[in-house]
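Student:
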């Protein structure tokens with residue numbers, strides 16, 4: 001999905017923009033010629049170049065917007081902190097878009113219901129059980145549960161924990177739901 | 001939990017009528033709104049009163065649980081109930097946000113051209129979110145690509161570029177209130193308009209556009 005590097009994004013995009021500039025300049029000079037020199041046979045060429053320009057614009061915007069949609073999906077899958085591997089593939093402007101989106105979403109979630117709001121990035125699946133069996137995939141350390149007791153999450157240890165608390169850690173890949 | 005909840009009436013004629021709902025009825029309404037929103041192709045009217053009441057309800061439940069004896073079986077059952085309700089509520093709000101993001105220029109345009117007194121599809125917070133999303137995206141596209149393009153191509157008409165919700169998509173529904181003389185428009189040129197009656201309790205597969213107003217009024221339930 002993110003196998004293009006940020007460099008290639010720049011390169012490809014720059015090439016498209018340069019081509020558009022060249023096309024446009026050619027068109028400009030032709031339009032002037034057509035107007036002043038009465039060369040109406042240039043008009044089809046002008047139209048054709050204009051169509052190419054429009055197509056380039058559409059393709060560029062579609063590509064950029066598609067990337068934005070994938071970045072948006074990251075917020076919902078990975079949470080508000082992106083793994084650095086992914087951040088490497090994003091341009092500075094994309095990071096800025098992501099930060100704005102994050103902030104917008106956070107403001108919206110806080111406004112729900114009047115107290116502290118509701119985190120709607122949680123509870124993504126219908127709850128089946130209150131407690132679930134989880135296995136720890138990586139060393140995580142101390143993890144505090146609802147009633148104040150804390151559990152030590154060491155690699156390969158298994159625990160029986162409240163589902164709500166685990167959801168975030170399961171998505172981050174630290175815990176794994178064990179289905180018996 | 002036998003307290004009743006006050007919900008402001010849906011009609012906007014003189015003053016606001018208070019509709020009193022039991023918690024069970026409230027959750028029912030939430031589930032209905034949730035299913036309608038999931039299966040409708042467009043963003044439906046916002047139900048922020050239901051959202052607020054449900055959040056209040058969840059708060060109540062949480063406080064009750066805190067005071068309850070630990071290890072009591074009732075506690076687990078109530079906790080499950082809370083998690084279920086929270087899931088439905090989150091899913092409902094997520095569904096709405098996704099539609100807002102997917103159709104953002106159209107949603108904002110509809111809000112701009114809405115007449116006074118007509119109910120809004122967006123809550124004020126959703127409206128702010130939609131506006132910020134649009135501004136964010138426009139700024140991004142401008143800075144990364146558009147401002148480097150030739151002068152006559154520096155604008156993109158988002159209303160045309162972003163697809164509209166497909167109101168012709170088919171939906172399943174169950175009829176709650178009997179409807180007569182629903183006009184069904186033809187799909188192909190060979191067919192003609194015909195009229196159908198919807199019997200209470202019957203289930204249908206029909207184009208969303210035909211029954212959109214019935215969803216809004218609560219006469220049918222999308223399933």
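Chains as they are written, first to last, in the UniProt record's numbering: chain A, 1 to 180; chain B, 1 to 223.
By construction, the Cβ of each residue, glycine as well, lies at the ideal position given by its N, Cα and C atoms.
Mind listing the chain B neighbours of residue 61/A? Cutoff is C-beta to C-beta under 9 Å, in chain order.
Tutor: Those within 9 Å of residue 61/A in chain B are 141, 145, 146, 156, 161.
Student: Once the 5 residues before and after residue 13/A are set aside, which same chain residues still bring their CB inside 6 Å of it?
Tutor: Closer than 6 Å at the Cβ level, and outside the excluded window around residue 13/A, lies no residue.
Student: Let me check one thing: in DSSP terms, what residues is residue 184/B bridge-paired to?
Tutor: BP columns for residue 184/B point to 194/B.
Student: Please report the residue range of the beta strand (DSSP E) in which residue 221/B lies.
Tutor: Per DSSP, residue 221/B belongs to the beta strand (DSSP E) from 220-222.
Student: Just mark residue 100/B as buried or exposed, buried being the case when its beta carbon has 16 or more other beta carbons within 10 Å.
Tutor: Answer is buried; the Cβ neighbour count reaches 16.
Student: Look up residue 152/A in the DSSP assignment and give the residues it is bridged to.
Tutor: Per DSSP, 142/A.
Student: Does DSSP put residue 60/B in a helix, in a strand, or in coil?
Tutor: Residue state, collapsed to three classes: helix.
Student: Using CA atoms only, rank isn't needed, just tell me which of 73/A, 56/A, 19/A, 55/A is closest to residue 102/A.
Tutor: For residue 102/A, the nearest C-alpha among the options comes from 73/A.
Student: Using 8 Å as the cut-off, can you tell me whether the stretch 40-50 of chain A makes contact with the stretch 75-92 of chain A, which would need three or more C-beta pairs spanning the two stretches below that distance?
Tutor: Result no; under three Cβ-Cβ pairs closer than 8 Å.
Student: Can you give me, in chain order, the residues of the stretch 59-86 of chain B that have a beta carbon less than 7 Å from any beta carbon in chain A?
Tutor: Within the stretch 59-86 of chain B, the qualifying residues are 59, 76, 79, 80, 83, 84, 86.
Student: What does residue 101/A touch in chain B if you count any residue whose Cβ is under 8 Å from its own?
Tutor: Going along chain B in sequence order, the residues near residue 101/A (Cβ under 8 Å) are 133, 136.
Student: What ranges does the alpha helix (DSSP H) occupy inside the UniProt domain "GINS subunit" (26-112) of chain A, keeping only unbroken runs of at least 4 residues that lie completely in it?
Tutor: Complete alpha helix (DSSP H) runs here, min 4: 43-78, 84-88, 92-110.
Student: Pop quiz: residue 149/B and residue 95/A are said to be a contact at Cβ under 8 Å. What is the actual Cβ separation, rounded to whole angstroms?
Tutor: So it is not a contact: roughly 23 Å between Cβ atoms.
Student: Taking residue 202/B as the reference, which of 174/B, 218/B, 165/B, 210/B has the closest Cα?
Tutor: It is 174/B.
Student: Using a Cβ-Cβ cutoff of less than 6 Å, which residues in the same chain neighbour residue 63/A once the five nearest sequence positions on both sides are dropped?
Tutor: Cβ neighbours of residue 63/A beyond the five flanking positions: none.
Student: Quick one: what does DSSP say residue 172/A is sitting in, helix, strand or coil?
Tutor: Reduced to three states, the DSSP call for residue 172/A is helix.
Student: On a Cα-Cα basis, can you pick out the residue from 187/B, 214/B, 190/B, 191/B that is closest to residue 197/B?
Tutor: Answer by Cα proximity: 214/B.
Student: Restricting to Cα atoms, I'd like to know which of 88/B, 185/B, 37/B, 74/B is closest to residue 235/B.
Tutor: Outside the displayed range of chain B (1 to 223) lies residue 235/B, so it cannot be described from this structure.
Student: Sort out for me which residues DSSP pairs residue 177/A with in a bridge.
Tutor: Residue 177/A pairs with 134/A.
Student: Got a sec? Which residues, its chain only, sit under 6 Å from residue 205/B by beta carbon, not counting five neighbours each side?
Tutor: 170, 172, listed in sequence order.
Student: On a Cα-Cα basis, can you pick out the residue from 54/B, 44/B, 43/B, 42/B that is closest to residue 22/B?
Tutor: Comparing Cα-Cα distances from residue 22/B to each of 54/B, 44/B, 43/B, 42/B, the minimum goes to 54/B.
Student: Consult DSSP for residue 156/B and reduce its assignment to one of helix, strand or coil.
Tutor: Note: residue 156/B maps to coil in three-state DSSP.
Student: By the criterion of Cβ-Cβ separation under 7 Å, what are the contact partners of residue 150/B in chain A?
Tutor: 20, 21, 24, 53, listed in chain order.
Student: According to DSSP, is residue 160/A helix, strand or coil?
Tutor: Three-state DSSP puts residue 160/A in a strand.
Student: Rounded to the nearest angstrom, what separates residue 8/B and residue 57/A at their Cα positions?
Tutor: Unreliable positioning characterises residue 8/B in this predicted model, as indicated by a pLDDT of 46, which lies under 50. The coordinate reading is nonetheless provided below. Looking at the two C-alpha atoms, the distance is approximately 49 Å.
Student: Rounded C-beta distance between residue 170/A and residue 177/A? I'm assuming under 8 Å.
Tutor: About 6 Å; that satisfies the 8 Å criterion.
Student: Helix, strand or coil for residue 84/B, going by three-state DSSP, please let me know.
Tutor: Here residue 84/B sits in helix by DSSP.
Student: Do you know how far the Cα of residue 100/A is from the Cα of residue 78/B?
Tutor: In a straight line, the C-alpha of residue 78/B is about 38 Å away from that of residue 100/A.
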